[in-house]
Ligand SMILES: [Zn+2]
Ligand SMILES: [Zn+2]
């Protein structure tokens, strides 16, 4: 039924920096941004350049429906390729928009996340000051073990920290569980598990596998319907190329497959495509991954997956 819909749409699937052009036209050149629709809840993961086109779509919908824009925005971390589209996300400039924004603790610089996010959206790096962003924004830092609960009762998003008791929830609540991985320089990375009406989706971008696999992530992803996992490298690029990329915080397709298999997820989506991989290179990697894990696909810009 439409009100039970649980969809994932990819607006940006590239790591590092945008790579437009004819050789990336099939899978897309925008940096990371995913949109999740779960019943009446609207969730956006990351603000890479993909969020710009998502914002345009939201404004087109607003022009038709005139319904205020509301969304929960989750930021996995603060690297450029995950925030660089945010200043150009037009709905933040409008009075009729309300955003709950959750992002990581900045462990190295110790700057509060709220201050950091507002800082990157104003002069001298951007022409518009935050005083000209007329949307209402609640910006909060979150961390490992926290849970967000989104309900259809008009209440704001509930933010529970680890150990806090979560009261019984109605069937149509959307639950977002938060986990932190240390395997991405230098602040680590937030993983999100989004659950709605018995279905679940895990986002695990910008993460590097361990020897004997990432057991914490495997546990976190257990039995998920969809796991979206970093797969920036082919195996020869990771440790045996002229440039050794071990320790850079990204995975090979095999690391992603190993997590998916051990966690018994139904479908694996490879993302954070390397800017140096064209469509052909991505499909060669996919073919290798599918030998080991057949229900595996590549994240593709403007494609929607339905969780049934
Ligand atoms: Zn990235
Ligand atoms: Zn990163």
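In my numbering, the protein residues as written are -13 to 294. We treat Cβ as the ideally placed atom computed from N, Cα and C, and that holds for glycine.
Can you find the residues in the same chain that come closer than 6 angstroms, C-beta to C-beta, to residue 351, ignoring five residues on each side of it along the sequence? Because residue 351 is not part of the residues shown, which for the chain are -13 to 294, the question remains open.
Per DSSP, what kind of secondary structure is residue 68 in: helix, strand or coil? For this step, residue 68 is matched to residue 82 along the chain shown. Residue 68: helix per DSSP, three-state reduction.
Alpha helix (DSSP H) segment containing residue 39, residue limits: By 1-based counting over the chain shown, the position of residue 39 is 53. Run containing residue 39: 36 to 51, per the alpha helix (DSSP H) assignment.
Pop quiz: residue 173 and residue 63 are said to be a contact at Cβ under 8 angstroms. What is the actual Cβ separation, rounded to whole angstroms? Taking the first residue of the chain shown as position 1, residue 173 is located at position 187. Taking the first residue of the chain shown as position 1, residue 63 is located at position 77. At roughly 6 angstroms, the Cβ-Cβ gap stays under 8 angstroms, so residue 173 and residue 63 are in contact.
Residue range of the beta strand (DSSP E) that residue 214 falls in? In the chain shown, the residue the question calls residue 214 occupies position 228. 212 to 216 is the span of the beta strand (DSSP E), which, as asked, contains residue 214.
Quick check: what's the CA-CA separation for residue 176 versus residue 130? Along the chain shown, one-based indexing puts residue 176 at 190. Along the chain shown, one-based indexing puts residue 130 at 144. Whole-angstrom Cα-Cα distance: 8 angstroms.
If distances are taken between C-alpha atoms only, which option among 21, 7 and -11 comes closest to residue 285? Working through the chain shown from its first residue, we reach residue 285 at position 299. If we check each option's Cα against that of residue 285, 21 comes out closest.
Cβ-based neighbour list, residue 124, same chain, cut-off 6 angstroms, excluding 5 preceding and 5 following: Position 138 of the chain shown, counted from the start, is the residue given in the question as residue 124. Closer than 6 angstroms at Cβ, skipping near neighbours: 86.
On the three-state DSSP scale, how would you describe residue 74? For the purposes of this step, residue 74 is taken as the residue at position 88 of the chain shown. Here residue 74 sits in helix by DSSP.
Does ligand 1 have even one heavy atom less than 7 angstroms from the beta-carbon of residue 173? Counted from its first residue, the chain shown places residue 173 at position 187. Every heavy atom of ligand 1 is 7 angstroms or more from the Cβ of residue 173, so no.
At 3 residues or longer, what runs of the beta strand (DSSP E) sit wholly inside the stretch 131 to 208? 133 to 136, 144 to 146, 160 to 167, 175 to 182 and 185 to 190
For residue 279, three-class secondary structure by DSSP: What you label residue 279 is simply residue 293 of the chain shown in a count that begins at 1. Three-state DSSP puts residue 279 in coil, outside helix and strand.
So, residue 89 versus residue 99, is the Cβ gap smaller than 8 angstroms? Locating residue 89 in the chain shown gives position 103, counting from the first residue. Locating residue 99 in the chain shown gives position 113, counting from the first residue. Yes, the Cβ-Cβ distance between residue 89 and residue 99 is below 8 angstroms.
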